[in-house]
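A.B. asks: The structure that follows is given in the form of C-alpha cells.
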Amino acid sequence: MEIYKKPPEFKELAEKWWTPERLKKIMGDKHYTITPLNAPLLLRTLGLLNSDATMSPDNLKKFIQINHMFNLLEAHFEDLLKRHKVVRILDAGCGKSYLTFLLAWYFKEKCKHPAEIIGVDTNTKIIKSNIEKAEKLGFQDVLQFEAASMLTYKWNKETRPHAVIALHACDTATDMAMAFAIKEKADFIAVAPCCQAELARKWKEIDKNHPLTPIYQTPQVRREVAAHFTDVLRICLTRSKGYEVTATEFVPSTHTPKNRLITCVRRGNYLDSATQEYTSLKEYIGNNSITLEDLLENNME
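Here the sequence shown stands for residues 1 to 301, where the numbers follow UniProt numbering.
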C-alpha cells in the first residue's frame, strides 16, 4: 500500500481533509482519544481510513466503538501508568486487535511511557497480519503477537501482566482469559463476553421437574438467560478472588447484543461472601459449574 511507502504524504492528506467541521460531524461534542488528525497512519493501517483519508459509514461505527471502549478503560490504564515503570498488558483472543493497536499508540505516541503489550490468538493468519501491521507502524518495541491458546499460553516476562483484556472472546475463551489473569494476579481485567453457550448446553439435560424448566425447554430464551447467568457467575467468582467487579453496557443494545463490559480491579482480599453467592446461585440453576470455576480449581493454590 502506498501509505506505508510515503506516510508523510498521507498525514498531510488527512490534515487537509479533516477540517474542524468534518471532525465535529463525526465526533460531536465527545472527546475521543484517537482521531484522524492525531493518528491518521494508525487508522489507515487498521482499515478505518480510506486511501484518500476519508472514513466510510461502516468504519465510522468501528471508530466510535473503539474510542468509546478506550474512554471507559482509560482511567485504569492511567492508573497503571502511574504505578509501573513498564506497563505490561495481555490481550487474550486479540483478533484484529483494534484496541491493542490503540493501546500501543497510546503508550508509545501519546504518553511516551514504556509498555509491553502482547496480543494472543489461535488464528495464525490474523496473528501474521497483526505482526506485519505492527512492523509497518514501528510498534515492534511496544507490541508483540503470538499464536497460542490461553489454555497453554505461558507468560514469560520479568513481572506479571498488569492488565489482561479479552474483547468478544467466544464462549469459554472468556473464562480462559479471566482464569489466566486471576492466576497471574493482574491488577486489572476487562472482558466483553461473547456467545456464552456453555450453560445453555448443560441446561438441555436438566431434570424436567426443575423450577426453571420453562426456560430450559425454550431454546432462544434458554440461550439468552444462560448468557446472563454465566456472566453473574463469573462476577461472583472473580469477586471471591479479591477483585472489585463492575459490569456496564459499553455499546447501546440497538447496535449489538454483545455489549456487556466487565471490569475487575484487584484489591487483594479474598471475599468469602462472594464464594457463598456463587455456590448458592450455581445450586439454584441446576448445580452446573462454568469453565472459570474448573480452571480456577485446577490452577489456584
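Glycine is no exception: its CB is placed at the ideal position from the N, C-alpha and C atoms.
Note that the coordinates shown come from a computational prediction; the quantities given were computed from them, not determined experimentally.
Is C170 buried or exposed, if buried means 16 or more other CB atoms sit within 10 Å of its CB?
C.D. replies: By the 10 Å Cβ count, C170 comes out exposed.
A.B. asks: With three or more C-beta pairs closer than 8 Å as the rule, is the segment 155-172 touching the segment 235-245?
C.D. replies: Verdict: no, contact absent.
A.B. asks: What are the uninterrupted segments assigned as beta strand (DSSP E) that are 3 or more residues long and contained completely in the segment 231-277, given in chain order?
C.D. replies: Complete beta strand (DSSP E) runs here, min 3: 243-249 and 260-266.
A.B. asks: Okay, do the segment 170-179 and the segment 61-69 touch, 3+ Cβ pairs below 8 Å being the bar?
C.D. replies: Contact between the segment 170-179 and the segment 61-69 is absent, because fewer than three Cβ pairs lie under 8 Å.
A.B. asks: Mind checking whether the beta-carbon of A148 lies closer than 6 Å to any heavy atom of the ligand SAM?
C.D. replies: In terms of ligand content, the structure shown is empty, and the ligand SAM therefore cannot be addressed.
A.B. asks: Can you give me the start and stop residues for the alpha helix (DSSP H) that R160 sits inside?
C.D. replies: R160 -> no alpha helix (DSSP H), and no H or E assigned at all.
A.B. asks: So G147 and I127 are supposed to be a Cβ contact under 8 Å. How far apart are they, rounded?
C.D. replies: Inspection of the sequence shows that residue 147 is occupied by Ala rather than by Gly. With a Cβ gap of about 4 Å, A147 and I127 count as contacting.
A.B. asks: Please give me, in chain order, every unbroken run of the beta strand (DSSP E) with length at least 3 that falls completely inside the segment 131-157.
C.D. replies: Within the segment 131-157, the complete beta strand (DSSP E) runs of at least 3 residues are 143-147.
A.B. asks: As a quick exercise: from P20, K11 and K25, pick the residue whose alpha carbon is nearest that of T45.
C.D. replies: The residue with the shortest Cα to Cα distance from T45 is K11.
A.B. asks: Does the separation of the CB atoms of S97 and T122 fall below 7 Å?
C.D. replies: No, the Cβ-Cβ distance between S97 and T122 is not below 7 Å.
A.B. asks: Cα-Cα, which of M27, T54, L72 and T248 is closest to L41?
C.D. replies: If we check each option's Cα against that of L41, T54 comes out closest.
A.B. asks: Just to confirm, is the Cβ distance from K157 to R88 under 7 Å?
C.D. replies: For K157 and R88, yes; Cβs fall inside 7 Å.
A.B. asks: For E283, which residues from the same chain have a beta carbon less than 7 Å from its beta carbon, with the 5 sequence-adjacent residues on both sides left out?
C.D. replies: Excluding sequence neighbours, E283 sits near nothing in its chain.
A.B. asks: Is the beta carbon of I206 less than 7 Å from the beta carbon of G286?
C.D. replies: In contact: I206 and G286 (Cβ atoms closer than 7 Å).
A.B. asks: May I ask you to report which of helix, strand or coil DSSP gives A173?
C.D. replies: Here A173 sits in helix by DSSP.
A.B. asks: Would you mind working out which of S273, L151, D187 and R160 sits nearest D294, comparing C-alpha positions?
C.D. replies: Closest by alpha carbon: L151.
A.B. asks: Going by beta carbon distance, what residues of the same chain come within less than 6 Å of L90, once the five residues before and after it are set aside?
C.D. replies: Contacts found: I118, P161 and V164.
A.B. asks: Would R160 count as contacting chain C if we go by Cβ distances under 7 Å?
C.D. replies: In the structure shown, chain C does not exist; there is a single protein chain.
A.B. asks: Grab the span of the beta strand (DSSP E) containing I189 for me, first residue to last.
C.D. replies: Element bounds for I189: F188 to C194.
A.B. asks: Mark T100 as exposed unless 16 or more other C-beta atoms lie within 10 angstroms of its C-beta, in which case mark it buried.
C.D. replies: Result: buried.
A.B. asks: Is residue 313 helix, strand or coil by DSSP?
C.D. replies: Here the chain covers residues 1 to 301 and nothing more, so residue 313 does not appear.
A.B. asks: Indicate the three-state DSSP secondary structure (helix, strand or coil) for D207 in the structure shown.
C.D. replies: If DSSP states are grouped into helix, strand and coil, D207 belongs with coil.
A.B. asks: Give the range of the beta strand (DSSP E) segment to which D91 is assigned.
C.D. replies: It spans V87 to A92 - the beta strand (DSSP E) in which D91 sits, taken as one unbroken run.
A.B. asks: Check each candidate in K30, A39 and P211 and name the one with the smallest Cα separation from P8.
C.D. replies: Ranking K30, A39 and P211 by Cα distance to P8 puts A39 first.
A.B. asks: DSSP three-state call for I118: helix, strand or coil?
C.D. replies: Strand.
A.B. asks: Sorted by chain position, which residues of the same chain lie with C-beta nearer than 8 Å to H31's C-beta, five sequence neighbours on each side aside?
C.D. replies: Counting only Cβ-Cβ distances below 8 Å, and skipping sequence neighbours, we find N71.
A.B. asks: From V245, L199 and A186, pick the residue whose C-alpha is nearest to that of L271; which is it?
C.D. replies: Measuring from the Cα of L271, the nearest candidate turns out to be V245.
A.B. asks: Where does M178 fall in DSSP's three states?
C.D. replies: Three-state DSSP puts M178 in a helix.
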